[in-house]
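Report on the following structure.
Residue numbers (my numbering), protein chains in the order written: chain P, 1 to 545; chain W, 1001 to 1545.
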């Protein structure tokens, strides 16, 4: 059987656009002589449309879109992902389904059994789990058709009672096909490959694994679809962060040579490509072209500036330098040099008058009180206000420049440097930001060395350094990683050998700043535990400090 | 059997505080000669601790807290809600459990079967559902002990395959006890009573229903615990929005007279009490005392001002009048009069100099461009900046003043009037805000009539009225209600008799402003579909406009 894997970038809710794109790939596959084209999970509507699924009007439009697609299936079968109604008397309204379309009919519909409801996933919010198992027959081939998580119950942790393939294998399938919406994280690529290889080996069946690419706000899909033979060799592995099309001439019983790519966990190239795609898709799918960012001469805004230029084109990214009386001369010079290296427009707008006016306005209220963090926040918020005004006037989106370390400990001003429509490096710890800067400079000096080498500073007071109030980032990042990604309590972290006073201070900062993160911009997710929907903490609570 | 219903206000994560409060109620019940005290769902840790549950350190502390409580159970039984580990080889890590403690032992543990995962609920994110059913015996009484949602599968919609009481009733229980964490919404009080009465009637068993009160950021628990006899009479109904304690002398087979309260759906008194509790709990549980708000002379800030004074005391609420050149004289006079009526401090801080300075600073960038929404946003953001600076300096929390109608259509400035730690009326449509103002004035004129009677205006341009760009609120609110609460598509709303052009315009405004709501303050929830975790829409998507 000749099978085409179509690894595409969908837009949530853009049913016409998604169907149009699928039709183009069906036509190409038809010309290539394929028997079957496979698209990914919920490809009709984009994965995942969240509470749009609560609208009957939306679900009905999905049904109409399948019908439009069906008209193009006279000569080959098409597997597509779509939400369908649950017609039983009990249960959730919908199933997360895969449908086989052929000769203008729905030949088969199967539903997802295992509904991920953890981290960024919330499928049981919408879907009833499948409980009955049948193969899908197409042109004499018996297909075990499953959806994403259905193949993830094989190794630890075993989250679900039922393992769908254990049921389906009893019916003697010839091949497994899995349509997927599996997002990227920097330690997920190898795990996903291993799991899929283990499925092939365990059931001694070939596997066609079809993922998608593209960013849906914060969630980044990386692709990496695969064809794995019954011995567990990865015969085909599709591109990462790019749409891809692969024609597979599969014969029962045939063994295929290993042809897998060699991406590894924590591969900086993949993280980089993920972020560039994330920025680009946010703008493209929102219908925007132009970005603004506050360029401070620091490493974070420099990395954002470079990534944004790659994603949107230099002419569409404006760096705004917003110096205050506390800004070192080096900051302005370095930020200017960066813009020149990137060949992107930049502007210098001093916040001095504005800060003076605010302080004068508030002088009667603040009489007799000492300067404190209030005055630092006034600077950050003045910058935010000016950036937002420019973005309003020029129809551009402000890119937020906070990293994960700062976001974690609340080292950022709400409505100040926390402004922005999208946080592109909010899931990178500070040390990862440095690594990204070095990667950006891999061929030539884009980010001036002066920016990489200077001591991190918010420059909100004279001679301020981040290290005045925070431990060194090398240490901070490790403790944060244990607390956030590893979900260890402070006592467990201390037991790893970190100093108790520092651990408790940091953990307390993280807890106390939930209220800030609640109002933060969406963060491109590249780790397996990013701030945002992946980490849902109460705001009003007593934490264990 | 003598049973005490303890309807308390817990703080999430404050295990010591929660346990201490429970011990006090156990001691009182002991003095009163009770056999059994019943606390509500997850009472040990507060419902619901969200991703705190992912920390083993947290779950272990819950276990320790149960042990501390157990020491006080020599003379009477105690039913408490607590997360416990799932020790099976598969499934989620935890159960949502109820434990019967007696004579310093855990006499019984039952797990929740039906895990709500919709709207604001996300329990399948954390918990494995129960699948085995046994009664709990205590002093010869056979108790069908269930947890909240377990009793909600009786009437439509039937969300779950299993109905726990259908299983438990086969074992011939004497009484049902349900420990609950059922939040308030203005159309939920009657429904909850009806469902619980239907359980008693259907199974011909008395029901002890124990709810909790208190706000956990946005979610407001109203209490209204009940004792219902086997005929379905509500013999006891506890207070709403207040801690309460009720001693029930229950005898098998005895009928009790109806003694229910007469709260109805959409009761403005309950909505009012919900919001006052919500504000008070936010501050108390956060450890703050003082609030600030921007007082514009409009109805929204007036209602917030009055509610905050009730919640926090007049001396703790400062109204800040922030007039611009566009503010009518009436606005300032009315806002002053309001503060005088409420006897709360107020300050007048003109934004004029600040706005002038911002415009001067940006003049070189904006040269040749016409004034537009940018200049309006500069005013709103200048107010936000000044309020935030004052809140920083004085250690107070800014109360956001947006209502649901504005929040829906994005008639608010991000980082401007959207500032604030808590949105107290963000779930009240504009027409409900008027109703609340009239309720606040029920005994005397607190909110000046001039504020209630003036045409709504943002006062960001000369002679601006909300009706310049929005349909009248009477109409707007109805369309929004259909789109948000009823989840109807625009075509369905038009079919109800609304004008297509208006419906499409409004629906489009709602969709296009997801990105703003994503960064909004938490909103006290009083409807059955509030913005926030109850409505999770994609930001980057094509909606059906």
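Ideal Cβ positions, reconstructed from N, Cα and C, are used throughout, including at glycine.
At least 9 Å separates the CB of residue 20 of chain P from every CB of chain W.
Runs of alpha helix (DSSP H) with 4 or more residues, each lying fully within the region 1096-1173 of chain W, are found at 1164-1168, listed in chain order. Relative to residue 51 of chain P, the option among W:1337, W:1486, W:1101 whose CA is nearest is W:1486. Of the candidates W:1333, W:1394, W:1178, W:1362, W:1394 places its Cα closest to the Cα of residue 375 of chain P. Collapsing the DSSP output to three states places residue 1310 of chain W in a helix. Put simply, the backbone Cα of residue 1174 of chain W is about 8 Å away from that of residue 1206 of chain W. A direct Cα-to-Cα measurement between residue 344 of chain P and residue 388 of chain P gives close to 19 Å.
Put simply, of W:1541, W:1494, W:1381 the residue whose alpha carbon is nearest the alpha carbon of residue 1514 of chain W is W:1541. Of the candidates P:152, P:159, P:167, P:171, the residue whose Cα lies closest to the Cα of residue 192 of chain P is P:152. Across the region 1492-1522 of chain W, CB contacts with chain P closer than 8 Å involve 1492, 1515, 1518, 1519, 1520, 1521, 1522, in sequence order along the chain. Among the residues facing chain W, residue 57 of chain P is included, as its CB has a counterpart in that chain under 9 Å away.
By the neighbour-count criterion, in which a residue is buried when 16 or more other Cβ atoms sit within 10 angstroms of its Cβ, residue 261 of chain P is exposed. Counting only the Cα atoms, residue 1082 of chain W lies some 8 Å from residue 1063 of chain W. Unbroken alpha helix (DSSP H) runs of no fewer than 4 residues, entirely contained in the region 1385-1457 of chain W, are found at 1404-1409, 1430-1440, 1449-1453, following chain order. Contact with chain W is found for residue 158 of chain P, since one of that chain's Cβ atoms lies less than 9 Å from the residue's Cβ. Under the three-state reduction of DSSP output, residue 1176 of chain W falls in the strand class. In the three-state scheme derived from DSSP, where H, G and I count as helix and E and B as strand, residue 85 of chain P is classed as strand. Pairwise C-beta distances place the region 505-521 of chain P in contact with the region 412-425 of chain P, as three or more of them are shorter than 8 Å. Residue 1181 of chain W counts as buried, since at least 16 other C-beta atoms from the protein chains shown sit within 10 angstroms of its C-beta. When the five nearest sequence neighbours on each side are left out, the beta carbons in the same chain lying within less than 6 Å of the beta carbon of residue 494 of chain P are those of 500, 503, in order along the chain.
The three-state secondary structure of residue 349 of chain P, taken from DSSP, is coil.
Residue pairing of residue 94 of chain P in beta bridges, as defined by DSSP: P:85, P:127. Secondary structure at residue 461 of chain P: coil, using DSSP grouped into helix, strand and coil.
The C-beta of residue 1482 of chain W has 16 or more other C-beta atoms within 10 Å across all chains shown, which makes the residue buried. In summary, the residues of the region 377-395 of chain P whose CB is separated from some CB of chain W by less than 8 Å are 377, 378, 381, 382, 384, 385, 386, 388, 389, 390, 392, 393, in the order they occur in the chain. Counted as a single uninterrupted DSSP element, the alpha helix (DSSP H) harbouring residue 189 of chain P occupies residues 189-203.
Under a criterion of Cβ atoms nearer than 7 Å, no residue of chain P is adjacent to residue 1009 of chain W; the nearest Cβ is some 12 Å distant. In this structure, the beta-carbon distance from residue 78 of chain P to residue 47 of chain P does not fall below 9 Å. In the same chain as residue 1512 of chain W, and ignoring 5 residues on each side of it, the C-beta atoms closer than 7 Å to its own belong to 1410, in chain order.
For the options W:1133, W:1416, W:1517, the alpha carbon positioned closest to that of residue 1170 of chain W is the one of W:1133. With respect to residue 84 of chain P, residue 109 of chain P sits close: the two C-beta atoms are nearer than 9 Å. Comparing alpha-carbon positions, the option among P:136, P:14, P:25 lying closest to residue 58 of chain P turns out to be P:14. Here residue 10 of chain P has 18, 43, 46, 212, 214 as same chain residues with Cβ atoms under 7 Å from its own Cβ, once five neighbours each way along the sequence are excluded. Take residue 1534 of chain W, set aside five residues on each side of it, and the residues of its chain with a beta-carbon closer than 7 Å to its own are 1119, 1120, 1525, in chain order. Listed by position along chain P, the residues whose Cβ is nearer than 7 Å to that of residue 1543 of chain W are 13.
In the DSSP annotation of this structure, the continuous segment of the beta strand (DSSP E) that includes residue 1209 of chain W starts and ends at 1207-1210.
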